[in-house]
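One rule links them: number in our numbering = place in the sequence shown (from 1) + 4.
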Amino acid sequence: MRPDRSTRAFTRFRLIALVSGLIGFVLALLTPLLPVRQDQAVLEWPQAEASSVEAPLVSYVPLRLEVSLPCGLLAGGDRTLLSTIPAESGQATAKGVVVAVNGGELSVIERDVPMLSAPVEEIGGCSTVEIVADAAATTVEFTGVNREDGTPFRNTVTRDIRPQIVGVFTDLDEAQLTGARLRADIDSRFSSTPSTIKLAAMILAALSTIVALVALHLLDTSDGRRARRFLPAHWWRFTLADGAVLGTLALWHVIGANTSDDGYILNMARASGPSGYMANYYRWFAVPEAPFGWSYEVLAWMTSISTASVWMRLPTLLAGIVCWLVISREVLPRLGARVRRHRVALWTAGLVFLAFWLPYDNGLRPEPLIAAGALLTWCSIERAIATGRLLPAAIAVLIAAFSLAAGPTGLICVAALIAGSRPVLQIIVKRAATSGMSFGQALFRYAALIAPGLAAGTVVLIVVFADQTLSTVMEATRVRTEVGPNVAWFDERTRWDSLLMLSPDGSLARRFGVLLMLLCLLVCVLQVLRKGRIPGTSRGPSVRILGIVFASLALMMFTPTKWTHHFGVYAGLAGSLAALAAVAVGSAAIRSPRNRALFAAAVLFLLAITFTGSNGWWYVSSYGVPWWDKAPLVAGKGLSTLFLGLTGVALLFAVWFHFREPYKREKATAPNGFDRLASVPLTIAAALLVLFEIASLAKGAVTQYPAYSITKSNLRSLTGDTCALADEVLVETDTADSLLLPYDGAPADGLSAESTGFSPNGVASDLTADAEETVTGAANSVNQGSENKTTDTTGAGTGGGTTEQAGINGSTVALPFGLDAARTPVLGSFQESEQRQASLTSQWYRLDLADSVRDDPAYRVLAITAAGRIKSVDADGVETYGQELRVEYGTRAADGSVDVLGAINPLDIGPAPSWRTLRVPLDALPAEVNAVRLVAVDNDITQRQWLAVTPPRLPRLATLDSVVGHTDPVLLDWHVGLAFPCQRPFSHHNGVAESPAWRILPDRVGSDASNAWQDDIGGGPLGWTELLLRADSVPTYLADDWGRDWGSLERFTPYDPTAVPAEITVNQVSRGGREEDAPIRVR
5 MRPDRSTRAF TRFRLIALVS GLIGFVLALL TPLLPVRQDQ AVLEWPQAEA SSVEAPLVSY
65 VPLRLEVSLP CGLLAGGDRT LLSTIPAESG QATAKGVVVA VNGGELSVIE RDVPMLSAPV
125 EEIGGCSTVE IVADAAATTV EFTGVNREDG TPFRNTVTRD IRPQIVGVFT DLDEAQLTGA
185 RLRADIDSRF SSTPSTIKLA AMILAALSTI VALVALHLLD TSDGRRARRF LPAHWWRFTL
245 ADGAVLGTLA LWHVIGANTS DDGYILNMAR ASGPSGYMAN YYRWFAVPEA PFGWSYEVLA
305 WMTSISTASV WMRLPTLLAG IVCWLVISRE VLPRLGARVR RHRVALWTAG LVFLAFWLPY
365 DNGLRPEPLI AAGALLTWCS IERAIATGRL LPAAIAVLIA AFSLAAGPTG LICVAALIAG
425 SRPVLQIIVK RAATSGMSFG QALFRYAALI APGLAAGTVV LIVVFADQTL STVMEATRVR
485 TEVGPNVAWF DERTRWDSLL MLSPDGSLAR RFGVLLMLLC LLVCVLQVLR KGRIPGTSRG
545 PSVRILGIVF ASLALMMFTP TKWTHHFGVY AGLAGSLAAL AAVAVGSAAI RSPRNRALFA
605 AAVLFLLAIT FTGSNGWWYV SSYGVPWWDK APLVAGKGLS TLFLGLTGVA LLFAVWFHFR
665 EPYKREKATA PNGFDRLASV PLTIAAALLV LFEIASLAKG AVTQYPAYSI TKSNLRSLTG
725 DTCALADEVL VETDTADSLL LPYDGAPADG LSAESTGFSP NGVASDLTAD AEETVTGAAN
785 SVNQGSENKT TDTTGAGTGG GTTEQAGING STVALPFGLD AARTPVLGSF QESEQRQASL
845 TSQWYRLDLA DSVRDDPAYR VLAITAAGRI KSVDADGVET YGQELRVEYG TRAADGSVDV
905 LGAINPLDIG PAPSWRTLRV PLDALPAEVN AVRLVAVDND ITQRQWLAVT PPRLPRLATL
965 DSVVGHTDPV LLDWHVGLAF PCQRPFSHHN GVAESPAWRI LPDRVGSDAS NAWQDDIGGG
1025 PLGWTELLLR ADSVPTYLAD DWGRDWGSLE RFTPYDPTAV PAEITVNQVS RGGREEDAPI
1085 RVR
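What follows is the structure, encoded as structure tokens:
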């Protein structure tokens, strides 16, 4: 007998549900407004035992700056009294504030605004130089003295020109700084922890929500039915399809490609410990990720155990497993009996899910979690509808809220709530049973059922605002919006444009899943519109999942960025939709052979479009993969053409069936081969793509070995060697000392044994790297109006220039890589006036390749530093036009004669015409070689065609891991973080960054994107490293893959080597949730 819902026990349950639900709801809403303990950081100068200090502010400018300099400092002649940026950077007056005496005149310049100046003689009686700058105005005054007209020496600019601070620098000695004072209130608003009252409120909100949900469950039992098992018995029955899908996920976890932002997110997580909050490490002035990104906190905890890729991506693997288990055990049974029993539907769901998951969801981004959240939200809603209970609906709201807080694409979970809102509302009305009750009693019953859902939907706020306030999150949102990218909803097409570009963002693997999902959606909708339902399926759940996908596509328009990796959230929904489509196009649902042939043609045409894309993967994941930069070809013919031809064949079959159908006799026969094939085109296509993706990455691992590959790196990490690419990149450790010496003559004359048209200064003054093809709309890219060309790929120190002092052979050319001009001759064929044909044959250089050298892993390549445009052939046999440079090798006899054994063109990875390191692997030279020489020919008399060389070198190499180490602070560009998990990213704390010693960049196209993303316009770290540090490229190589552009390594040197890290004064204050500081200055 069912219990009476009017009994005292259920009244008590309703009261508990109402009170605890409202407490949880109200406290969650109050969380952003409750106070926090905020660190208030202050930079004060001068400091003990240092005249200059480093203090790069991640917000660039302080909240307020006050400077007071005694006028007694003016008597020392021309010098810089104070600057917030080193003068050697060349941008001190453009971005900072400079107080200096030049030519007997004192001037104060702030952001290229001449604030105040006067001859020292005129203001000799002044007391102090005062500067006060805040967001409202900047005032400079020479106190204690007036102008001739009696007005004070003062100037005020009433706009925000606060100077950027990377430290305080002066030409004065410490003893001369008596009376000088600088105080900068640092913007450390995001360094905060919850106050006691906020912490208590958050705990109480969480507990109240749990109590409310338990009370809601007790109210659910009023229907008198026994609660259903959380995981029914069929969950534990495993099938061959389970083994195939779960086995593929596990295999892909080891051999599979990663996603674009993995390095970005990993270093955010690693840096969050010292900083005290989850900052956007590479852009937006290090504002927090809130209100999104709670999942990164999980990753931050995981980094305390290991930073290896296979470990850090475990949440993604678990999310994939959850997705498949939910699809196969919850989704498919709810879609109807035919779907549940249909083997083809099961396999189609699994294969389409994998086709979506593999290219999108094998990294650290939140999309895998949101994909799982979308499925769980929908299944919870469906369970609520099926059982007539509200706890599953409240759990759905909870899951949707956390999915949305994981990332903006979590909006798709809202679609599931919308799709099930009407049936759930009907359950609430039915359960309230308010007939004959007063308004107050009815309100009580409705509120008791709704309050737990409100608490479940808002409890996520205690995670989002755990250590931030409403004002700080609003400021972070403002900064991200103003700096961008922030794309309007009506520009959603840009995401789809990127999907069809020839790049990893538009790779064939990424195209297939999305296009197939749209085809499945179209087929299912047409079936529902034509027949009212898909035959053999449950109409309610089927229509709701179609509505979810439609609504999701619409809601995705409102995400602020439009990148293709967001499509990863559809993985679970696409697999579920594919199962429906498999039933919808089966012989039982579509009896017409013509229609099945048309559907097969549609799938083949989809494959044709898919295979017009490249087989591209992000960064190191593409190493060794076939067709990584082009559409797949076989025997010179594109696979897309093959599928287009098959599409035509299928259409011909459709035409044949169309005209034959009126004359066909109806008879009961077993399905023929075409019928069986036409009923599973989705399954076959998905299987083809999954196998193609797995084979591509497996082939990459095999062809790369023994060089670096994703597979090799992950397998080594399982044995404890977790440093990945850092163990494979080799760094020159003795560049300046590795020059070979000529057998005959002086080193200065070694290049000029036979030389015509080459000269010591025959190098162009501008060696900016040529632009290369790229694409717009790529992940973490900004629109630079560059017409799909790179704009900034010149390596540090390789862009040319001259020096005042001539080198060993009279050259004034500025050399890269730390080469010593006093020991390194240079010859080039560039002519300032009329370009002429030129040729060069160097002396024979001594090359000691004894067994001890060949067996030493420190000596692997012969290197030549060169510039200009040099002929080269890449690994695919594609020739780059340029002038000829070859290395001849031979054996030198005791009498000085040389037996020439052959010649080899050194590998050139570019970029031209910048200085770069050409290389010849030593194992490409015969064992008996002991002499080499350079032979260059420049027969092209156009101004762009020339080349310059320095003597060959035999550098000593060491791994990047041993050179950079694990303790030096490093600026790891966002592409490379996961590939270099052992290197320590520079930290920042209380608004001040640590000065890095190194920078690791990706390949040239990647570095162009990272340079733009991390620059001063976007509020990235390059906005202060370029002001504080000089960068110099260090020659590097990828072991056993010598022609690979893996990236580059730069060594940072402070512009002011006397400056030391500043001591920052920190005080904790209580700040309310609505208290605001001055806005971050955005360009």
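C-beta atoms are modelled at their ideal positions from N, C-alpha and C, and glycine is treated no differently.
In this text the structure is predicted, and so the values were computed from the model without any measurement.
Rounded separation between residue i and residue j - CA only
i: Thr971; j: Arg988; result: 6 angstroms
i: Gly148; j: Ile135; result: 14 angstroms
i: Glu1067; j: Ala179; result: 19 angstroms
i: Ser546; j: Leu584; result: 8 angstroms
i: Asp621; j: Asn262; result: One detail in the question is off: residue 621 reads as Trp in this sequence, not Asp. In a straight line, the C-alpha of Trp621 is about 8 angstroms away from that of Asn262.
i: Asp8; j: Thr15; result: Any reading at Asp8 must be qualified, since the residue scores a pLDDT of 47, below 50, and its modelled position is unreliable; no value is offered.
i: Asp927; j: Ala470; result: 58 angstroms
i: Ser686; j: Leu866; result: It should be pointed out that residue 686 corresponds to Leu in this sequence rather than to Ser. When rounded, the distance between both Cα atoms is 53 angstroms.
i: Gly171; j: Trp328; result: 53 angstroms
i: Gly1027; j: Arg1087; result: 12 angstroms
i: Pro90; j: Ala45; result: 22 angstroms
CB contact flag (residue i, residue j, <7 angstroms)
i: Gly1094; j: Leu771; result: Residue 1094 lies beyond the range of the chain shown here (5 to 1087); nothing can be said about it.
i: Val314; j: Asn599; result: no
i: Ile165; j: Thr142; result: yes
i: Leu525; j: Ala605; result: no
i: Pro4; j: Leu217; result: The structure shown has nothing for residue 4, since the chain only spans 5 to 1087.
i: Ala405; j: Leu421; result: no
i: Pro820; j: Trp919; result: yes
i: Ser507; j: Gly628; result: no
i: Ala588; j: Val527; result: yes
i: Pro915; j: Val924; result: no
i: Gly28; j: Ser212; result: yes
i: Gln839; j: Gln947; result: yes
i: Arg1075; j: Gln42; result: yes
i: Gly1139; j: Val249; result: Because the chain here runs from 5 to 1087, residue 1139 falls outside it and cannot be looked at.
Spatially closest choice to residue i from the options, by CA coordinates
i: Leu73; options: Val103, Gln44 and Cys417; result: Val103
i: Val830; options: Ile688, Gln841, Val891 and Gly754; result: Gly754
i: Cys413; options: Leu394, Pro564 and Ala312; result: Note that residue 413 corresponds to Thr in the displayed sequence, not to Cys. The option with the nearest alpha carbon to Thr413 is Pro564.
i: Val886; options: Glu53, Ile945 and Glu293; result: A small correction: the amino acid at residue 886 is Gly; Val does not occupy that position in the sequence shown. Closest by alpha carbon: Ile945.
i: Pro325; options: Trp631, Arg890, Gly576 and Phe571; result: Contrary to the premise, residue 325 reads as Ile rather than Pro in this sequence. The shortest Cα separation from Ile325 among Trp631, Arg890, Gly576 and Phe571 belongs to Gly576.
i: Val902; options: Phe443, Tyr747 and Ala188; result: Tyr747
i: Leu982; options: Asn106, Ala730, Gly297 and Pro917; result: Ala730
i: Glu496; options: Ser442, Phe571 and Pro539; result: Phe571
i: Asp912; options: Ala237, Val891, Gly900 and Ala931; result: Val891
i: Ser1089; options: Thr311, Ser876, Leu964 and Thr651; result: Because the chain in this structure spans residues 5 to 1087, residue 1089 falls outside the shown range and cannot be described.
i: Met561; options: Val491, Thr895, Leu512 and Asp138; result: Val491
i: Leu379; options: Arg333, Val477 and Gly766; result: Arg333
Any C-beta of chain D under 7 angstroms from that of residue i
i: Thr845; result: Checking the listed chains, one finds no chain D in this structure; it contains a single protein chain.
Exercise. Quick one: any contact between the stretch 514 to 523 and the stretch 259 to 278, if contact means 3 or more CB pairs under 8 angstroms?
Worked result: As far as the Cβ criterion goes, the stretch 514 to 523 does not touch the stretch 259 to 278, which means the pair count is below three.
Exercise. Between the stretch 757 to 776 and the stretch 879 to 886, are three or more C-beta pairs nearer than 8 angstroms?
Worked result: Flag = no, the stretch 757 to 776 and the stretch 879 to 886 do not touch.
Exercise. How do the stretch 362 to 374 and the stretch 296 to 304 stand: do at least 3 beta-carbon pairs fall below 8 angstroms, yes or no?
Worked result: Using a Cβ-Cβ distance cut-off of 8 angstroms, the stretch 362 to 374 and the stretch 296 to 304 are in contact, since at least three pairs of beta carbons, one from each stretch, lie closer than that value.
Exercise. Can you list, in chain order, the stretches of the alpha helix (DSSP H) that have 4 or more residues and sit fully within the stretch 257 to 309?
Worked result: For the stretch 257 to 309, whole alpha helix (DSSP H) runs of length 4 or above, ordered along the chain, are 266 to 279 and 299 to 307.
Exercise. Which ranges does the alpha helix (DSSP H) cover as unbroken runs of at least 4 residues, wholly within the stretch 203 to 254, from first to last along the chain?
Worked result: DSSP assignment within the stretch 203 to 254 yields no whole alpha helix (DSSP H) run of 4 residues or more.
Problem set entry | Segments of 4+ residues assigned as alpha helix (DSSP H) that fall wholly inside the stretch 345 to 388 | Correct list: 347 to 364.
Exercise. Between the stretch 606 to 623 and the stretch 645 to 663, do three or more beta carbon pairs fall short of 8 angstroms?
Worked result: Here the stretch 606 to 623 lies against the stretch 645 to 663, with 3 or more beta-carbon pairs under 8 angstroms apart.
For this session: Would you check if there are 3 or more beta carbon pairs closer than 8 angstroms linking the stretch 452 to 468 to the stretch 26 to 43?
Result: At 8 angstroms Cβ cutoff, the stretches touch.
Problem set entry | Stretch-stretch touch, CB-based, cutoff 8 angstroms, three pairs: the stretch 955 to 968 with the stretch 703 to 718 | By the C-beta criterion, the stretch 955 to 968 is judged not to be in contact with the stretch 703 to 718, since fewer than 3 inter-stretch pairs fall below 8 angstroms.
Exercise. Counting pairs of beta carbons, one from the stretch 57 to 65 and one from the stretch 103 to 115, are three or more of them closer than 8 angstroms?
Worked result: Flag = no, the stretch 57 to 65 and the stretch 103 to 115 do not touch.
Problem set entry | Runs of beta strand (DSSP E) wholly within the stretch 686 to 758 (minimum 3 residues, chain order) | As far as the stretch 686 to 758 is concerned, its whole beta strand (DSSP E) runs of at least 3 residues are 733 to 736.
Exercise. Curious, which full-length beta strand (DSSP E) runs of at least 3 residues does the stretch 41 to 104 contain?
Worked result: Within the stretch 41 to 104, the complete beta strand (DSSP E) runs of at least 3 residues are 68 to 74 and 83 to 87.
Problem set entry | Stretch-stretch touch, CB-based, cutoff 8 angstroms, three pairs: the stretch 1034 to 1054 with the stretch 69 to 87 | Between the stretch 1034 to 1054 and the stretch 69 to 87 there are fewer than three C-beta pairs closer than 8 angstroms, too few to call the two in contact.
Exercise. Do three or more CB pairs link the stretch 345 to 359 to the stretch 686 to 697 at distances below 8 angstroms?
Worked result: Result yes; three or more Cβ-Cβ pairs closer than 8 angstroms.
Exercise. Any contact of the stretch 1015 to 1024 with the stretch 287 to 299, i.e. 3+ C-beta pairs under 8 angstroms?
Worked result: With a cut-off of 8 angstroms on Cβ pairs, the stretch 1015 to 1024 is in contact with the stretch 287 to 299, counting three or more such pairs.
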